[in-house]
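Below you'll find the structure, written out as C-alpha cells, and then a few comments.
Numbering (the UniProt record's numbering), first residue to last: 1 to 248.
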C-alpha cells in the first residue's frame, strides 16, 4: 500500500493529490530492522538510507515483467480513519517519491488487498472484506471490512468458489457493446458471467480490442473484469462470493 508524496517531475503523468507527511502529527518512520520493512523481501532497498539516523526503510515495487512500471520511496506508519469512524493506528504504508509508468495515470496511490503482511487487509486483521468497483471513473466505488462485508441475496443471485491459498505467488492484483457474455468457470461450480464492458476496451475511430493478455502460468482477474460486481472475500471460510450489480 502506497501513496504519492512528491510531484512527478519530468514525466507525462497527470497531476494527482499528494500526501504531505510533514503536515501529519500521527505519521511515523520505520527502520530497516522493522518487521514490516523485512516483509518487503526483495523489494526492500538497502542503500544509504539504512545508514541514516534513524535508518529509514526504502522500497522499490515493480509491476509487470518489463520493469518500466514501478514506484519507490520510504515505508512509514500513519493513522487511518474509515467512513464509519473506525480508527486504525500505526498502519504501515509507502510514501512514494518516484512513480514510473503510464499505467499509473493520475493515480494518487494503491491499496493492497492480498494475503501478504503489508496489505491493508492483513494489517487490519479483517477476516472478511467486500468491494464493488464502478464501471465509470467518476462514480464512487465502495469497500467494506469485517461484519459490514455482506452480499444482499435479495438483490440477485450470489455464486461462491473456494479461495486457493498459495503464498508463493503474488500478494497483489493489477489494475486492467453489445457483445456475447464471457463466462469464467471456477472449480466447485461457480460461474462468473461477464458482459462486453468487462473484457473489451474501446479506442478512437471505433477500434475495439479484447482486454485479455496471455499468461504463462497463472491468471489475474483485473479491475475491469471486476467492475459492477459485488465481491465478498471470507477468509474464515476461505470463499470468494460475487454478485452482478448495475450500481455499486
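Where a beta carbon is used, it is the ideal one built from N, C-alpha and C, also for glycine.
All values reported here derive from a predicted model rather than from experimental measurement.
For residue i, list the residues DSSP reports as bridge partners.
| i | result |
| --- | --- |
| residue 191 | 185 |
| residue 143 | 131 |
| residue 32 | In the DSSP output, where bridge partners are listed per residue, residue 32 has none listed. |
| residue 218 | Answer is none; residue 218 lacks a bridge partner. |
| residue 72 | 60, 98 |
| residue 91 | 78 |
| residue 244 | 229 |
| residue 205 | Paired residues: none, contrary to the question. |
| residue 210 | 200 |
| residue 162 | 239 |
| residue 3 | 95, 109 |
Count the other C-beta atoms from every protein chain shown that fall within 10 angstroms of the C-beta of residue i, then say buried if there are 16 or more, exposed otherwise.
| i | result |
| --- | --- |
| residue 207 | exposed |
| residue 119 | buried |
| residue 218 | exposed |
| residue 177 | Annotation note: pLDDT 47 at residue 177 (below 50); position unreliable, coordinate value reported separately. Classification for residue 177: exposed. |
| residue 35 | exposed |
| residue 74 | buried |
| residue 229 | buried |
| residue 86 | exposed |
| residue 174 | Residue placement at residue 174 is poorly supported in this model, since its pLDDT is 39, which falls under 50; the coordinates still yield a value, given next. Classification of residue 174: exposed, given that the 10 Å Cβ count is below 16. |
| residue 250 | Lying before the first or after the last residue shown, residue 250 is absent from the chain, which here runs from 1 to 248. |
| residue 78 | buried |
| residue 140 | exposed |
| residue 164 | exposed |
| residue 243 | buried |
| residue 94 | buried |
| residue 121 | buried |
| residue 10 | Its pLDDT being 48, under 50, residue 10 is placed unreliably by the model, and the measurement read from it follows with that caveat. Its Cβ having fewer than 16 others within 10 Å, residue 10 is exposed. |
| residue 92 | buried |
| residue 189 | exposed |
| residue 209 | exposed |
| residue 112 | buried |
| residue 238 | exposed |
Take residue i as the anchor and find which of the options has the nearest alpha-carbon.
| i | options | result |
| --- | --- | --- |
| residue 184 | 160, 203, 205 | 160 |
| residue 199 | 187, 213, 191 | 213 |
| residue 241 | 205, 248, 233 | 233 |
| residue 28 | 38, 90, 82, 127 | 90 |
| residue 247 | 87, 135, 231 | 135 |
| residue 162 | 180, 153, 191, 71 | 191 |
| residue 72 | 205, 189, 5, 151 | 5 |
| residue 127 | 138, 149, 112, 25 | 149 |
| residue 179 | 202, 104, 188 | 202 |
| residue 76 | 204, 238, 59, 236 | 59 |
| residue 107 | 7, 186, 22 | 7 |
| residue 98 | 193, 70, 189 | 70 |
| residue 39 | 84, 138, 115 | 115 |
| residue 236 | 215, 194, 146, 221 | 146 |
Can you round the beta-carbon distance between residue i and residue j to whole angstroms, since I take them to be within the 8 angstroms contact cut?
| i | j | result |
| --- | --- | --- |
| residue 227 | residue 196 | That belief does not hold up - the Cβ atoms of residue 227 and residue 196 are roughly 12 angstroms apart, past 8 angstroms. |
| residue 96 | residue 3 | 7 angstroms |
| residue 130 | residue 245 | About 12 angstroms separates the two Cβ atoms, so there is no contact after all. |
| residue 57 | residue 17 | Incorrect: roughly 23 angstroms between the Cβ atoms, too far for contact. |
| residue 142 | residue 132 | 6 angstroms |
| residue 88 | residue 124 | 6 angstroms |
| residue 1 | residue 110 | 7 angstroms |
| residue 204 | residue 193 | Incorrect: roughly 29 angstroms between the Cβ atoms, too far for contact. |
Would the C-beta of residue i count as close to the ligand COA, meaning under 7 angstroms from any of its heavy atoms?
| i | result |
| --- | --- |
| residue 84 | As far as ligands go, the structure on display features none, and thus does not contain the ligand COA. |
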